[in-house]
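Scroll down for the structure; my scribbles are underneath it.
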Amino acid sequence: MSKTVVITGCSRGIGRALASHYISEGWNVIATARDVSKLAGLKAHQKLALDVTSEESIAAAAAAIGAATPVHLLINNAGIVEVGGIGTLTKKALMSQMDTNAIGPVLVTQALLGNLGVAAVPGAPAVIAHITSQMGSIQDNSSGNYYGYRGSKAALNAYSKSMAIDLKEKSIAVLLLHPGYVKTDMSPNGYISQQESVSGMAKTIAETLADGTLSKMGGFFNQVGATLPW
């Protein structure tokens with residue numbers, strides 16, 4: 001039986017590349033985006049409108065998926081970035097990034113926790129993969145700027161560490177994945193292709209799905225599976 005993956009932020013970039021990868025691997029892909037019309041061309045099992053900053057939208061998407069549907073993999077990919085350093089910051093910009101990049105993934109996960117629980121069995125965990133960023137690493141920050149983005153990704157990392165502890169006994173593994181500096185609309189100067197990034201992250205995810213010991217639980221990894229500093 002095919003496994004099911006839910007992916008947020010599939011309208012473009014890494015999210016769309018992730019959806020295409022799992023479709024090609026034979027998964028039942030539930031692709032989501034704020035504007036479902038932007039999912040045209042994806043041969044997904046299901047396409048849903050989902051704004052991760054709206055609790056109503058999250059609840060509606062969860063209802064459309066259905067409580068009895070097993071979700072073997074949830075990839076929280078939706079994210080935004082705004083350049084901003086000291087002297088140019090606004091509360092609106094800081095909070096919008098926190099809302100999308102940190103709070104959204106937690107609320108989406110919470111809404112689909114029952115589905116992940118249906119899929120998870122001892123020895124064959126369900127997996128939650130949060131697409132984070134090395135820019136959320138406090139130890140690695142040597143260039144400053146990007147306050148809202150860095151802060152929101154650091155918050156996501158902290159939320160995910162707690163989530164990993166809380167969900168381990170349910171056989172639900174939590175991963176934090178940095179995709180690398182990928183060439184997308186958000187980062188046009190990136191030097192890693194979307195395919196290279198996705199293939200590396202998918203390898204780490206596959207290893208975790210097959211790992212009954214949950215050895216990578218709560219880990220922070222880059223696109224080649226190397227551990228990153230907090």
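Under full-length UniProt numbering, the first residue of the sequence shown carries the number 1, and numbering increases by one thereafter. We treat Cβ as the ideally placed atom computed from N, Cα and C, and that holds for glycine.
Name the residue from the options whose alpha carbon lies nearest to the alpha carbon of residue i.
i: L177; options: T100, A64, N157, S24; result: N157
i: residue 297; options: R12, V118, M1, T204; result: Any answer about residue 297 is impossible in this case: the structure gives the chain only from 1 up to 230.
i: K203; options: I192, N222, D185, M186; result: N222
Given that a residue counts as buried once 16 or more other Cβ atoms are within 10 Å of its Cβ, and exposed if not, what is residue i?
i: A120; result: buried
i: I86; result: exposed
i: T227; result: exposed
i: T90; result: exposed
Using the Cα positions of residue i and residue j, report the straight-line distance between them to the nearest angstrom.
i: M135; j: A59; result: 30 Å
i: G219; j: A173; result: 10 Å
i: T8; j: L48; result: 9 Å
i: E207; j: T88; result: 43 Å
i: P105; j: P188; result: 24 Å
i: G212; j: S133; result: 26 Å
i: Q194; j: S24; result: 15 Å
i: R16; j: K3; result: 18 Å
i: N115; j: N28; result: 14 Å
i: Y147; j: V83; result: 8 Å
i: E55; j: L107; result: 8 Å
i: K161; j: V6; result: 21 Å
i: A19; j: C10; result: 7 Å
Checking the sheet assignment: what are the DSSP bridge partners for residue i?
i: N101; result: Note: N101 sits in no beta bridge, so no partner.
i: L18; result: According to DSSP, which records beta bridges pairwise, L18 is partnered with nothing at all.
i: Q46; result: I30
i: L74; result: V6, I128
Return the Cβ separation of residue i and residue j in integer angstroms, given the expectation that the two are a contact with Cβ distance under 8 Å.
i: V224; j: G190; result: About 15 Å separates the two Cβ atoms, so there is no contact after all.
i: T100; j: G79; result: 6 Å
i: L167; j: K216; result: So it is not a contact: roughly 13 Å between Cβ atoms.
i: I128; j: L209; result: Not a contact, Cβ separation roughly 11 Å.
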